[in-house]
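For the sequence shown, the numbering used here gives the first residue as 1027, with consecutive numbering after it. The C-beta atom is built at its ideal place from N, Cα and C for all residues, glycine as well. Small disclaimer: the values here were computed from a predicted structure and weren't measured. Structure, as structure tokens:
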Amino acid sequence: MIENKRYLSLSNGTIFLLLSILLFVSCQSKNDEKIYNQSLTLAGNNRTELEKVLKHYENDTLKLQAAKFLIMNMPGSFAQNEEIIGICTPFYNDYVSLAKEYGYEMNTGRGQKIDSLWNNFSNRHFKLLGLPFQSDLENISAEQLISEIDLAFNAWKENVYTHDCSFDEFCEYILPYRRMNGLVIDDARKTFYERHHGNYFTQPGKDMIDESDSLLYEYSHLTHSQFWGIRIPILTASTFEYLRHGLCEHRCWYNSLLFSSLGMGVAVDFVPAWGNRNNNHTWNVLIKDGKSHAFEAFWDNDRWKYKRIYNNKTFDYDWGRFRLAKVYRHSFKNYLEGPITDRRVQPEDIPDLFKNFKKKDVSHEYFDTVHVALQLKDIPHDTHYTYLCVLNYHQWQPVQWGKIEKGKAVFHGIGKDVVYLPCYYKHGSLIYAGEPFLLNAEGVIETFRNDTTDTEDLYIKHYAGAPLHYGNKWNNTSIEQTSVYGSLSPMFSGGDTIGIFPDSIEIYNKKIDSRYDRPVRYIRVSLPYRKVAFSNLAFYYNDPAGEEKKIETVTLVHPLDSTENGEITDYIFDEYIATGYRRELGRNHIDIDLGDEYTVTSVRFAPYYEAGLKKEVNFELFYWNEGWKSLGKQNGSDKHVVFKNVPKDALFLLKHQDINNSPGARPFIYRNNEVLWH
């Protein structure tokens, strides 16, 4: 997801105003009744509208409590100026006319026209940039709020999945009229309710997920914009339906409106920055009996996969390995914690993520978390918080805060298998508070070295990390379910299967234990797609001392020629995972001579993966030593590249010469001659 920064971000003045309001409220009392009364005071001239709502529900205890919940959490809730919709209506019409020309198909030609259309329009309408935000406290009408509350209660009581949920769960996930800041509140809840009332979630004996899929399928024509026109303001559900394309964030709040209108507990979860790839992402969750069910906002064939692939342990067949540092949930309810509640901290000393008090930490719902305690260095004067950061498009980005006490800070609920850097945040800039570290898969901190006198050669083939899995799927698939057969005979009479590769392969080196405990000399490796596609294929045995060692005398029985880019079969069997060999064959196997008889104990393998280091491009290798320090430049080779004499056990980054158009570099470590991306 790419945030619509131009229209959905707070100005510094607005941030300061909201911080002042919330700090004032939080200082008065932790008592809900007093916070609610303070909210009424902050409503100014609109207080009479809110009091009409309270008067309307004075004889209905639950609805009165619901109204108070909304009012006491309105501070910090705001809409973009409604005038934007009127100003942009001619543009929306032109956008749809263009969409019809392309049959609503999104491609590069149409995308470029969209960007051009919007640039021309926005440059002629400077007023879009200066329109004030509209706070809910000061603008929402009694009629509107009463309608929202009544519709929410009706849908809740009719819903077979949520009608018995707690009142707190109802207030947090069904009741709120606002699903994200910036939206213009209209009659979307009423529209959705009337459109689908009685068709979904009201009949017993059905499955919640199946019904949700059926509802989502009705809106499968609303698709991703492919990041064209990312600045276009989409502020209402009706606008999104009219344009039919948007970003993840648009579809998320749209789904949240849709499901809550039918009485489903629903929210929008987001990762502010990935732990092992660039960018960020948002998606939806249904909430039932305190349990969240995460799903992809746009229609796809595996919508409910996020709890499976965001667990910081596994990988996705299509997209590879995801590692997450934190997951947050957008909320209407105010969660006042951390630096935003501390009167000692100035707004300019708080990262944007933590100026947002309408979010809650839900990391534990996705993956095992740990608390990380760090000793800090060089604490600036009058600094009370530090932040854990992950690298995102070459910039360190804060994802969690820790309060400084006696030179230390504890960061709560942190995701594992991620590289972090602790930083201070002063006057809008980051200051290093220590050295980067890997919080490994076991939750143990591993530090990096930067000793330039203890070196090794580094073999590498790409710079982009985890995302290369998607472009490498065919190579991964080529060795799935490969069987390895061993025999003493070159004719493969007798013998047995040593092992079978799994049916889902990722880009890293993997090991399978042998299922055959007798000596073999010859190995037959099946090729399910008649294609050799290995970066590594190695066989191991136990020496007399019981230590597992690699068999080094491996050769092909039938040699194969080098490829057009100079890759040879020896690359399959050497110690470097970045080297490799790929060739189409006219047969479904290759035969290997181990050079002697061995009882094979294990097989290690990695798929061939595409070279991302093109000949015409220059790449620069960096290692971390109180900042990124260069180790030199090299041109790509359309295969692997070798950087000589690099520090062992360091944190590295390989940058493309054109980082503006190719910003995808990811940090990595180099262990056992393999690049491990983070």
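- C-alpha of P1259 to C-alpha of H1151: approximately 13 Å in a straight line.
- Assignment of L1124 by DSSP, reduced to helix, strand and coil, places it in the helix class.
- Boundaries for E1506: no alpha helix (DSSP H) harbours it, and the DSSP string shows neither H nor E there.
- Taking 8 Å as the cut-off, the Cβ atoms of R1692 and H1682 do not count as close.
- According to the DSSP assignment, V1079 belongs to the alpha helix (DSSP H) that extends over R1073 to H1082.
- Excluding sequence positions up to five before and after R1547, its CB lies within less than 6 Å of the CB of L1514, L1620 and E1623, all in the same chain and listed in chain order.
- DSSP places G1439 in no alpha helix (DSSP H) but in the uninterrupted beta strand (DSSP E) bounded by K1434 to G1441.
- In this chain, A1351 is not harboured by any alpha helix (DSSP H), its DSSP state being neither H nor E.
- Each residue's CA atom was taken as its position, placing N1085 and E1169 some 18 Å apart.
- For the pair R1355 and K1674, the Cα-to-Cα distance works out to about 39 Å.
- Ranked by Cα distance from I1440, the first of A1351, I1366 and E1472 is A1351.
- Measuring C-alpha to C-alpha distances from K1078 to each of C1274, F1147 and S1173 identifies S1173 as the nearest.
- Here L1647 is buried, its C-beta having at least 16 other C-beta atoms within 10 Å.
- Counting only unbroken stretches of 3 or more residues, the beta strand (DSSP E) elements lying wholly within the region 1380 to 1421 are 1385 to 1387, 1395 to 1401 and 1411 to 1418, in sequence order.
- Looking at the DSSP output, W1300 bridges to L1350.
- Here Y1268 carries a helix assignment [DSSP, helix/strand/coil].
- Beta bridge pairing from DSSP links W1654 with W1650.
- Contact between the region 1594 to 1613 and the region 1450 to 1460 is absent, with fewer than three C-beta pairs closer than 8 Å.
- In terms of Cα proximity to V1583, the closest of N1568, D1684 and M1517 is M1517.
- With a beta-carbon spacing of about 5 Å, Y1485 and V1668 fall inside the 8 Å limit used to define contacts.
- As summarised for the region 1463 to 1533, the continuous alpha helix (DSSP H) elements at least 4 residues long and confined to that stretch are 1494 to 1497 and 1499 to 1504, given in chain order.
- The beta carbons of M1132 and T1228 sit no closer together than 8 Å.
- In this structure, N1418 lies away from F1383, with their beta-carbon atoms at least 8 Å apart.
- Excluding its 5 nearest sequence neighbours in each direction, G1428 has C-beta neighbours in its own chain below 6 Å: T1412, A1435, V1436 and F1437, listed in chain order.
- Where K1537 is concerned, the enclosing beta strand (DSSP E) starts and stops at K1536 to D1539.
- One Cα belongs to D1596, the other to T1508, and the distance between them is close to 20 Å.
- K1429 sits in a strand when the DSSP states are folded into three classes.
- When only Cα atoms are considered, S1240 and P1545 end up about 56 Å apart.
- The region 1177 to 1190 and the region 1152 to 1163 do not touch, with fewer than three beta-carbon pairs separated by less than 8 Å.
- Within the DSSP secondary-structure output, I1695 pairs in a beta bridge with L1702.
- Going by DSSP, L1241 is part of no beta strand (DSSP E) but of the alpha helix (DSSP H) stretching over M1234 to Y1243.
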